[in-house]
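Respectively, the protein sequence lines represent chains A and B. Heads up, the final residue of the first sequence is numbered 218 in the UniProt record's numbering, and it's a clean run with no missing numbers. Heads up, the final residue of the second sequence is numbered 218 in the UniProt record's numbering, and it's a clean run with no missing numbers.
Protein chains: 2
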Amino acid sequence: MADEQVAAPTKQRRISQRGIATRERILEAANRLMFVRGVNATTLDDIREASQTSKSQLYHHFADKQELVRALVKYRGALVLQRERGGLERLRSFSGLVRWRNALVQANSLNNGKYGCGLGSMAVELSDQDEQARSMLSETFAAWEKLISDGLHRMRDSGALRQDADPEKLATGLMAALQGGYLLANAAHDVAPMEVALDMALDHIKSFLTEPTGEPTR
Amino acid sequence: MADEQVAAPTKQRRISQRGIATRERILEAANRLMFVRGVNATTLDDIREASQTSKSQLYHHFADKQELVRALVKYRGALVLQRERGGLERLRSFSGLVRWRNALVQANSLNNGKYGCGLGSMAVELSDQDEQARSMLSETFAAWEKLISDGLHRMRDSGALRQDADPEKLATGLMAALQGGYLLANAAHDVAPMEVALDMALDHIKSFLTEPTGEPTR
DNA sequence: CGCGGCGAGGACCGGATAGTCCAAATCAAG
DNA sequence: CTTGATTTGGACTATCCGGTCCTCGCCGCG
């Protein structure tokens with residue numbers, strides 16, 4: 001295993017616009033199908049059909065199914081992080097956190113809690129069968145948590161959060177509540193558990209505010 | 001769907017001790033294998049081999065793979081509830097909750113956070129593909145949460161918890177933290193996130209104690 | 001000790017699905 | 001326009017895996 005594809009642009013392939021578009025179409029279809037059915041329950045033929053492509057195109061753009069799945073992990077991770085960056089980048093107050101919570105709940109209630117978190121379900125399904133996917137997912141979770149903890153740091157620096165608040169731990173706790181909430185909501189087909197879980201985590205963060213708000217979380 | 005197998009002993013089969021033992025062996029093997037590889041990634045041949053049985057025995061005791069999986073959901077659910085009953089039935093104090101937390105963390109740290117919760121991973125994997133399994137799992141989670149909320153009710157009745165504490169919501173939050181903790185720990189191959197998540201939930205419950213303990217959670 | 005039925009062994013089948021291959025179409029560049 | 005590389009279509013293959021079936025073995029009962 002001396003030379004991977006690392007630093008081996010010896011034979012870079014020319015890639016046309018059409019090629020890029022096809023690859024994107026495949027990933028988009030895989031993303032959609034695997035979100036509702038799960039990774040293992042989705043076949044390449046399903047993806048081929050949904051993406052209006054052919055078998056050879058799948059294997060032209062991805063070495064095998066495992067590679068496609070790994071690409072999807074990257075793809076979905078980028079999507080989630082981009083979305084979350086929008087909601088968390090400017091986070092400076094507790095009410096901003098509440099708005100963030102409401103947006104997630106709102107989105108998940110559209111399908112009655114079904115399907116859960118696109119990253120969380122992949123993590124459960126893949127962690128025990130693809131080390132590389134697991135590690136990418138773990139990094140994505142870390143990046144996601146960092147978006148939260150960065151916001152909490154800003155709140156602490158501005159004096160909104162007490163000095164003894166630990167942004168990293170708070171972010172991890174919030175992420176766990178979110179993921180656990182997704183999981184229970186998916187099992188129950190009801191967003192309620194997710195709301196309760198997030199409210200617990202927010203209350204916990206609230207207990208570190210310098211000037212406690214009287215208004216309830218929601 | 002008028003008559004399920006409920007109250008339909010019209011043609012009760014004689015079942016020998018040997019037959020029962022075989023069925024148990026199959027379930028035990030399925031439980032073990034599907035815990036580490038996941039449900040969909042485990043084949044009937046794997047189970048056959050691990051349980052030292054044959055194909056016909058699998059189909060003698062279970063109609064098809066789906067039925068086997070459903071039986072496993074029941075089996076594993078019963079195991080977890082039995083285990084949890086042991087740890088929660090006598091719960092009457094916050095320190096009991098801490099001991100319970102420590103036991104779970106301890107158990108999960110034995111495999112460095114891998115595999116997650118036997119129920120949680122099944123819930124993620126099956127919720128989108130087997131409605132019956134999903135509903136059984138949802139009920140099992142409810143029963144598990146009830147073990148917790150019953151304990152919290154006892155604490156509230158005895159005056160340890162304030163009257164405005166909501167045992168059901170606290171139990172749901174704790175369960176979500178637990179499941180989310182399992183998930184993140186599995187993705188990270190490290191129990192740390194699970195500890196942080198559980199500590200958050202316990203701190204939250206602690207905030208409802210009538211006489212706050214000075215000692216930290218762990 | 002023989003009979004009936006449950007339990008067990010394992011070969012076999014069929015379909016689904018990942019993966020291959022080759023020829024045709026399309027495209028970029030000179 | 002020519003040429004060579006990329007992209008595409010889709011038939012084909014190999015294999016895995018769920019599920020079937022037939023036979024024999026074993027056990028309990030009369």
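C-beta: ideal position from N, C-alpha, C; glycine also. Computed from a predicted model, the values in this text were never measured in an experiment.
Practice task
Flag this pair as yes or no: are the beta carbons of residue 220/B and Ala50/B separated by less than 7 Å?
Solution key: In the structure as shown, chain B starts at 1 and stops at 218, and residue 220/B therefore has no counterpart that could be examined.
Exercise for the section: Answer with buried or exposed for Leu104/A, where buried requires no fewer than 16 other C-beta atoms within 10 angstroms of its C-beta. Expected result: Taking the first sequence and counting its residues from 1, one reaches residue 104/A at position 104. So Leu104/A ends up on the buried side.
Problem - Same chain, Cβ closer than 8 Å to Glu125/A, neighbours up to 5 away in sequence not counted - result: What you label residue 125/A is simply residue 125 of the first sequence in a count that begins at 1. Around Glu125/A: Gly38, Val39, Asn40.
Problem - Cβ pair Leu174/B, Ala142/B closer than 7 Å - result: Within the second sequence, numbered from 1, the residue matching residue 174/B stands at position 174. Within the second sequence, numbered from 1, the residue matching residue 142/B stands at position 142. No.
Handout entry: Start-to-end residues for the alpha helix (DSSP H) that takes in Val191/A
Key = As a working note, residue 191/A is residue 191 in the first sequence. No alpha helix (DSSP H) contains Val191/A, which DSSP labels as neither H nor E.
Exercise for the section: Please classify Thr43/A: is it buried, with 16 or more other beta-carbons within 10 angstroms of its beta-carbon, or exposed? Expected result: On the first sequence, position 43 is the one that residue 43/A refers to. Classification for Thr43/A: exposed.
Practice task
With DSSP as the reference, label Leu91/B as helix, strand or coil.
Solution key: Position 91 of the second sequence holds residue 91/B. The answer is coil: DSSP assigns Leu91/B none of H, G, I, E or B.
Practice task
Please classify Asp199/B: is it buried, with 16 or more other beta-carbons within 10 angstroms of its beta-carbon, or exposed?
Solution key: For this step, residue 199/B is matched to residue 199 along the second sequence. Counting Cβ neighbours within 10 Å, Asp199/B comes out buried, since at least 16 surround it.
Handout entry: Arg83/A classed as buried or exposed, judged by whether at least 16 other C-beta atoms fall within 10 angstroms
Key = Taking the first residue of the first sequence as 1, we reach residue 83/A at position 83. Label assigned to Arg83/A: exposed.
Practice task
Give the DSSP bridge partners of Leu209/A, in chain order.
Solution key: For the purposes of this step, residue 209/A is taken as the residue at position 209 of the first sequence. Here Leu209/A is bridged, per DSSP, to Leu161/A.
Exercise for the section: Determine the burial state of Lys55/A: buried for a count of at least 16 other Cβ atoms within 10 Å of its Cβ, exposed for fewer. Expected result: As a working note, residue 55/A is residue 55 in the first sequence. Exposed, because fewer than 16 other Cβ atoms sit within 10 Å of the Cβ of Lys55/A.
Handout entry: Every unbroken alpha helix (DSSP H) within the segment 96-151 of chain B, with a cutoff of 4 residues, ordered by chain
Key = 118-126
Problem - Beta-carbon spacing of Ala177/B, Ala197/B below 7 Å - result: Your numbering for residue 177/B matches position 177 in the second sequence. Your numbering for residue 197/B matches position 197 in the second sequence. It is a contact, given that the beta carbons lie within the stated cut-off.
Practice task
Output, in chain order, the set of chain A residues within a Cβ distance shorter than 7 Å of Ser16/B.
Solution key: In the second sequence, residue 16/B corresponds to position 16, counting from 1. Here the premise fails: no neighbours, minimum Cβ distance about 36 Å.
Practice task
Verify the CB distance criterion: does Met200/A have a CB-CB separation below 7 Å to chain B?
Solution key: Your numbering for residue 200/A matches position 200 in the first sequence. Taking Cβ atoms only, chain B reaches closer than 7 Å to Met200/A, which makes this a yes.
Practice task
Report the residues of the segment 103-124 of chain A with a CB closer than 8 Å to any CB of chain B, ordered along the chain.
Solution key: Listed by position along the chain: Lys114, Tyr115, Gly116, Gly120, Ser121, Ala123, Val124.
Problem - Cα-Cα separation between Ile15/A and Met136/A, rounded to whole angstroms - result: Taking the first residue of the first sequence as position 1, residue 15/A is located at position 15. Taking the first residue of the first sequence as position 1, residue 136/A is located at position 136. Ile15/A and Met136/A: Cα-Cα distance of roughly 26 Å.
Practice task
Go ahead and pull the three-state DSSP assignment for Gly38/A.
Solution key: As a first step, residue 38/A must be located in the first sequence, where it is residue number 38. Reduced to three states, the DSSP call for Gly38/A is coil.
Handout entry: CA nearest to the CA of Val22/B, picked from His61/B, Gly86/B, Ser109/B, Leu152/B
Key = Taking the second sequence and counting its residues from 1, the one referred to as residue 22/B is at position 22. For clarity, residue 22/B is Thr in the given sequence; the question names Val instead. Ranking the options by Cα distance to Thr22/B, first place goes to His61/B.
Exercise for the section: Evaluate the contact criterion for the segment 101-119 of chain B versus the segment 186-195 of chain B: three or more CB pairs, one atom per stretch, below 8 Å. Expected result: Between the segment 101-119 of chain B and the segment 186-195 of chain B there are three or more inter-stretch CB-CB distances shorter than 8 Å, so the stretches are counted as touching.
Practice task
Kindly indicate if chain B contains any beta-carbon less than 7 Å away from that of Ser149/A.
Solution key: Along the first sequence, one-based indexing puts residue 149/A at 149. Not one chain B Cβ lies under 7 Å of Ser149/A.
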